[in-house]
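Report on the following structure.
There are 4 protein chains.
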Amino acid sequence: MTDRAPDPARRSERSRRAILEAALALCRERGYDGTTIEAIAAGAGVGKQTIYRWWPSKGAVIMDALNEAGVTSAAFGDTDDVRADLRKQMTSVVRLMNDSQFAPIYRGIIAATQSDPELAQVLRERLIAPRVAACAARLRRAQQEGQLRPEVNPETLVEVLYGPLYYRLLLPGRRLDRALVDTVLDVVFAGAGLAPGVTVTAGAPAARP
Amino acid sequence: MTDRAPDPARRSERSRRAILEAALALCRERGYDGTTIEAIAAGAGVGKQTIYRWWPSKGAVIMDALNEAGVTSAAFGDTDDVRADLRKQMTSVVRLMNDSQFAPIYRGIIAATQSDPELAQVLRERLIAPRVAACAARLRRAQQEGQLRPEVNPETLVEVLYGPLYYRLLLPGRRLDRALVDTVLDVVFAGAGLAPGVTVTAGAPAARP
Amino acid sequence: MTDRAPDPARRSERSRRAILEAALALCRERGYDGTTIEAIAAGAGVGKQTIYRWWPSKGAVIMDALNEAGVTSAAFGDTDDVRADLRKQMTSVVRLMNDSQFAPIYRGIIAATQSDPELAQVLRERLIAPRVAACAARLRRAQQEGQLRPEVNPETLVEVLYGPLYYRLLLPGRRLDRALVDTVLDVVFAGAGLAPGVTVTAGAPAARP
Amino acid sequence: MTDRAPDPARRSERSRRAILEAALALCRERGYDGTTIEAIAAGAGVGKQTIYRWWPSKGAVIMDALNEAGVTSAAFGDTDDVRADLRKQMTSVVRLMNDSQFAPIYRGIIAATQSDPELAQVLRERLIAPRVAACAARLRRAQQEGQLRPEVNPETLVEVLYGPLYYRLLLPGRRLDRALVDTVLDVVFAGAGLAPGVTVTAGAPAARP
DNA sequence: GGGTAATCGAGACGGTACGTCTTGTCTTAGG
DNA sequence: CCTAAGACAAGACGTACCGTCTCGATTACCC
């Protein structure tokens with residue numbers, strides 16, 4: 001399994017920390033693209049080889065640094081109200097995506113994954129998959145409890161929920177804000193369609209004579 | 210308006226075409242990142258200055274090349290069935306996002322916009338805005354015709370519709386396929402929620418005792 | 419002939435000079451080995467590529483620099499007395515080989531040629547061959563004028579004359595001084611042997627009855 | 628004397644041999660310059676520190692290896708004919724300097740001494756000085772026996788004899804061959820000059836009436 | 001229809017960063 | 001304490017591109 005990995009026991013914890021800290025600091029000062037391995041090494045007082053020995057790319061270093069900083073959380077609310085739980089989590093995601101420290105770095109990493117499949121896999125495994133799984137689990141419980149239609153695949157529903165957020169994060173156009181969360185939840189929970197004979201209003205089920 | 214633009218009359222059409230063709234060819238052979246202005250110039254038999262004179266960045270060249278190739282279309286169906294129109298358009302977008310020629314280039318450009326606001330603006334103006342506008346217009350008509358709830362902002366709805374597609378295009382994880390389009394439309398038109406006393410089923414309004 | 423060489427017309431004379439000057443300055447400050455292409459480029463305010471474009475190696479740069487500095491001369495005396503002419507030239511060579519500025523650089527270059535045949539060829543063509551030829555020409559004239567035995571190959575005689583000087587320059591041991599020149603000339607002109615019946619004394623030919 | 632040297636009793640003879648053998652093998656395979664301490668350590672199955680502990684530099688290792696291989700000999704002929712003794716010894720030196728295994732390594736070491744005084748001293752003490760002393764001793768005897776002019780310093784005469792050989796070994800130009808030995812001996816024993824009234828012919832002393 | 005000004009291909013230029021290599025020192029674990 | 005192994009800080013290597021610049025040599029418009 002770990003046959004190719006160098007013995008981690010030999011690894012200098014001191015250097016590892018210095019590298020991750022320098023990486024984050026540089027990202028803040030000069031942006032993701034402006035951050036170079038050369039500068040990280042210099043900033044950390046470390047030889048370049050020490051970086052190349054333990055990380056395959058600049059993106060991997062920075063992703064590790066983000067993780068280390070514990071900047072995000074996969075934790076999910078678990079009240080009886082799935083919509084409230086989602087709203088809380090999605091809102092905190094929006095807050096992060098609007099954070100002027102975090103957002104450019106995150107966007108830089110996602111950009112890097114477009115041409116670096118290895119980094120993409122790390123991004124998936126370390127950042128995305130756990131959070132998607134947590135969200136999907138919550139949705140699955142909601143389906144079992146009759147709050148959500150059971151025939152929609154929870155993983156796909158996660159994508160429908162978060163897709164619009166990433167759309168605004170990654171594509172130029174409108175600024176991401178919290179209002180989007182409510183709109184998305186509105187649409188996802190109640191639909192945007194007006195089928196004949198059905199009145200769907202968020203929080204206000206059709207009155208019946 | 211065009212005060213800053215060089216006199217286009219001077220421009221060598223021959224070179225312009227050679228550059229755009231070389232750019233696309235290189236993108237196919239070596240990917241977006243592997244394509245360099247140096248190589249485009251060499252491949253087109255053109256001086257580097259000729260490229261820098263007319264385009265601000267590699268991304269801009271490649272975006273022009275994509276546009277020139279007429280690879281995408283903003284045209285929208287306009288039948289009476291908004292859902293069918295959306296399905297048709299979104300499906301063709303999915304097809305494009307799955308095209309092994311186009312997708313990596315498009316992803317490369319979007320990646321480049323993460324650190325190049327100027328390119329982002331061009332992407333917005335030339336590719337995204339027109340298509341969003343066309344889609345929003347169609348949605349607006351649907352609202353007027355009573356097929357969609359009128360209180361949802363059409364531009365936002367566009368993002369809810371396309372967000373999941375871009376999510377799969379740009380984030381590592383599940384492969385993009387046409388089934389996603391139907392799921393998204395299902396959820397957007399009918400909602401995924403099961404509010405007490407309301408049964409929302411696509412195409413099958415809840416019967417009542 | 420010069421088909422592979424870049425068009426010299428494009429070459430920046432300014433950079434060329436700055437590079438050669440920086441190279442020499444660095445050699446003096448930090449020695450031949452301590453001089454790096456990186457430092458030459460930095461010191462000359464020049465991109466490394468500009469050095470690599472025009473010179474194949476550090477040694478070639480430094481040899482050019484030496485030549486440019488006009489530090490040596492192939493000019494040879496041309497009086498009627500070949501021994502005096504040789505003495506003058508060899509003494510000036512000794513002076514150069516003892517020059518604390520020049521000698522370490524020259525030794526460094528010769529050292530470099532031990533593992534760089536290309537540099538060796540340049541050294542031969544640019545520095546050694548012309549001087550050997552000039553010396554050999556002078557010796558040849560002396561042979562024609564009856565001052566030297568005609569059967570000794572002049573090129574080889576050059577090596578016998580200068581060999582001891584280079585021996586002291588390159589091999590650790592005794593310090594090179596001008597006295598060596600006289601000893602060498604003594605031996606070479608009159609021989610060190612005492613053949614029976616022959617008395618060979620410098621400046622005092624055997625008397626004959 | 629050996630105050631700075633680590634206690635030799637602790638030294639692993641096994642490692643020492645492996646290092647010297649690996650050093651020579653690498654020199655043959657990749658040349659002097661291509662041989663690195665890193666590779667020697669790897670090739671010998673030895674830690675780098677073990678090399679650094681016992682040798683001050685790569686050159687010192689290789690010189691030790693050469694010595695160990697017993698590739699040269701300081702032994703000198705001791706017949707009544709000094710010229711024959713010199714010829715024999717010098718010819719064997721030429722053979723060595725032409726040996727494609729030995730020569731590049733020897734040239735590499737001499738090159739290294741140009742910038743490494745410590746190595747130069749080792750070269751002098753271990754290789755050169757003993758051989759020069761042996762040769763000078765033989766010359767001194769020849770002087771006492773009346774075969775050589777007594778006023779020429781024997782050590783200097785050694786340099787005159789071997790200088791031309793090293794000239795050809797170290798400077799690019801003509802290939803070293805055995806004929807050089809005879810020419811050198813010719814010149815050194817009989818001189819190359821033609822003083823008026825003196826006829827100096829090797830092996831054919833001037834006839835006397 | 002000749003002058004002139006901008007564009008063209010070409011590629012040298014000063015730079016920056018890359019990823020690799022080697023150096024000599026330091027650290028760890030085993031004997 | 002020596003050993004094998006190899007991580008470490010340092011820094012040069014030679015390469016690749018960047019975006020700017022300087023060349024002549026065409027254009028192609030304007031007078």
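Chains as they are written, first to last, in our numbering: chain A, 1 to 209; chain B, 210 to 418; chain C, 419 to 627; chain D, 628 to 836.
Ideal placement from N, C-alpha and C gives every residue a C-beta, glycine not left out.
{"Asked": "Is the beta carbon of glycine 461 of chain C sitting closer than 7 Å to the one on alanine 478 of chain C?", "Found": "no"}
{"Asked": "Does the Cβ of arginine 45 of chain A have 16 or more other Cβ atoms within 10 Å, making it buried, or fewer, making it exposed?", "Found": "This sequence places glycine at residue 45 of chain A; arginine is not what is there. So glycine 45 of chain A counts as exposed."}
{"Asked": "Using the DSSP secondary-structure output, state which residues sit across from leucine 148 of chain A in a beta bridge.", "Found": "B:Gly402"}
{"Asked": "Considering only the beta carbon of each residue, do alanine 761 of chain D and proline 781 of chain D sit closer than 7 Å?", "Found": "no"}
{"Asked": "Where do the ends of the alpha helix (DSSP H) carrying phenylalanine 285 of chain B lie?", "Found": "Taken as a continuous stretch (DSSP letters only), phenylalanine 285 of chain B belongs to no alpha helix (DSSP H), as it is neither H nor E."}
{"Asked": "Could you name the residues of the segment 93-123 of chain A whose beta carbon sits closer than 7 Å to any beta carbon of chain B, in the order they occur along the chain?", "Found": "Arg107, Gly108, Ile110, Ala111, Thr113, Gln114, Ser115, Ala120, Gln121, Leu123"}
{"Asked": "Report buried or exposed for proline 744 of chain D, applying the criterion of at least 16 other Cβ atoms within 10 angstroms of its Cβ.", "Found": "exposed"}
{"Asked": "Can you list the alpha helix (DSSP H) stretches of 4 or more residues lying completely in the segment 112-184 of chain A, in chain order?", "Found": "117-122, 129-144, 154-170"}
{"Asked": "With distance defined between alpha-carbon atoms, name the residue in D:Val815, D:Arg644, D:Met690, D:Gly658 nearest to alanine 668 of chain D.", "Found": "D:Arg644"}
{"Asked": "Check whether chain D comes within 7 Å of leucine 566 of chain C, counting only Cβ atoms and requiring the distance to be less than that.", "Found": "yes"}
{"Asked": "Against chain D, does alanine 478 of chain C count as a neighbour if the rule is that its beta carbon must be under 7 Å from one of theirs?", "Found": "no"}
{"Asked": "Any contact of the segment 114-130 of chain A with the segment 176-196 of chain A, i.e. 3+ C-beta pairs under 8 Å?", "Found": "no"}
{"Asked": "Run the CB neighbour count on glutamine 310 of chain B, radius 10 Å, all protein chains shown included, and call it buried at 16 or more, exposed below.", "Found": "exposed"}
{"Asked": "Quick one: is glycine 193 of chain A near chain B, going by C-beta distance under 7 Å?", "Found": "yes"}
{"Asked": "Which of the three DSSP states, helix, strand or coil, is assigned to serine 510 of chain C?", "Found": "helix"}
{"Asked": "Roughly how many whole angstroms lie between the Cα atoms of glutamine 467 of chain C and cysteine 654 of chain D?", "Found": "31 Å"}
{"Asked": "Using the beta-carbon of each residue, which ones in chain B are nearer than 7 Å to glutamate 229 of chain A?", "Found": "Residue 229 of chain A falls outside the range modelled here, since chain A spans only 1 to 209, and no answer is possible."}
{"Asked": "Give the straight-line distance between the Cα atoms of isoleucine 314 of chain B and aspartate 287 of chain B, rounded to the nearest whole angstrom.", "Found": "30 Å"}
{"Asked": "How many Å lie between glutamate 695 of chain D and arginine 753 of chain D at the Cα?", "Found": "11 Å"}
{"Asked": "So is alanine 65 of chain A in contact with chain B if we call contact Cβ pairs under 7 Å?", "Found": "no"}
{"Asked": "Is the beta carbon of leucine 647 of chain D sitting closer than 7 Å to the one on alanine 711 of chain D?", "Found": "no"}
{"Asked": "Any beta carbon of chain B sitting closer than 7 Å to that of valine 71 of chain A?", "Found": "no"}
{"Asked": "Looking only at its own chain, which residues have a Cβ that is under 7 Å from the Cβ of isoleucine 51 of chain A, when we skip the five neighbours before and after it?", "Found": "Ile19, Ile37, Ile40, Ala41, Val61"}
{"Asked": "Can you list, in chain order, the residues of the segment 754-779 of chain D whose Cβ is nearer than 7 Å to any Cβ on chain C?", "Found": "Ile755, Gly773, Gln774, Leu775, Arg776, Val779"}
{"Asked": "Below 9 Å on C-beta distance, what does threonine 365 of chain B contact in chain A?", "Found": "Pro164, Arg174, Ala179, Leu180, Thr183, Val184, Val187"}
{"Asked": "Measure the C-alpha to C-alpha separation of arginine 223 of chain B and isoleucine 128 of chain A and round it to an integer number of angstroms.", "Found": "47 Å"}
{"Asked": "Would you please state the rounded distance, in angstroms, between the beta carbons of tyrosine 376 of chain B and tyrosine 162 of chain A? I believe it to be under 8 Å.", "Found": "6 Å"}
{"Asked": "For aspartate 498 of chain C, decide whether its Cβ has a neighbour in chain D, counting only Cβ atoms nearer than 7 Å.", "Found": "no"}
{"Asked": "Going by the beta-carbon positions, is the gap between methionine 481 of chain C and leucine 587 of chain C smaller than 7 Å?", "Found": "no"}
{"Asked": "Taking the beta carbon of glutamine 147 of chain A as the centre, do at least 16 other beta carbons fall within 10 Å, making it buried, or is it exposed?", "Found": "buried"}
{"Asked": "For serine 221 of chain B, which residues of its own chain have a beta-carbon under 8 Å away from its beta-carbon, when the five flanking residues on both sides are left out?", "Found": "Thr259"}
{"Asked": "To which residues of the same chain is isoleucine 527 of chain C closer than 8 Å at the C-beta, ignoring the five residues directly before and after it?", "Found": "Tyr450, Gly477, Ile480, Met481, Leu484, Leu537, Leu541"}
{"Asked": "Can you give me the C-alpha to C-alpha distance between glycine 447 of chain B and aspartate 80 of chain A, rounded to a whole angstrom?", "Found": "Past the edges of chain B, shown from 210 to 418, lies residue 447 of chain B, and the structure says nothing about it."}
{"Asked": "Can you give the Cα-Cα distance for alanine 111 of chain A and arginine 141 of chain A, rounded to whole angstroms?", "Found": "34 Å"}
{"Asked": "Please work out which residues of its chain come closer than 6 Å, Cβ to Cβ, to valine 82 of chain A, disregarding the five sequence neighbours upstream and downstream, and give them in chain order.", "Found": "Ala142, Gln147"}
{"Asked": "Please name the residue in B:Gly256, B:Trp263, B:Asp395, B:Gly402 whose C-alpha comes closest to that of glutamate 145 of chain A.", "Found": "B:Gly402"}
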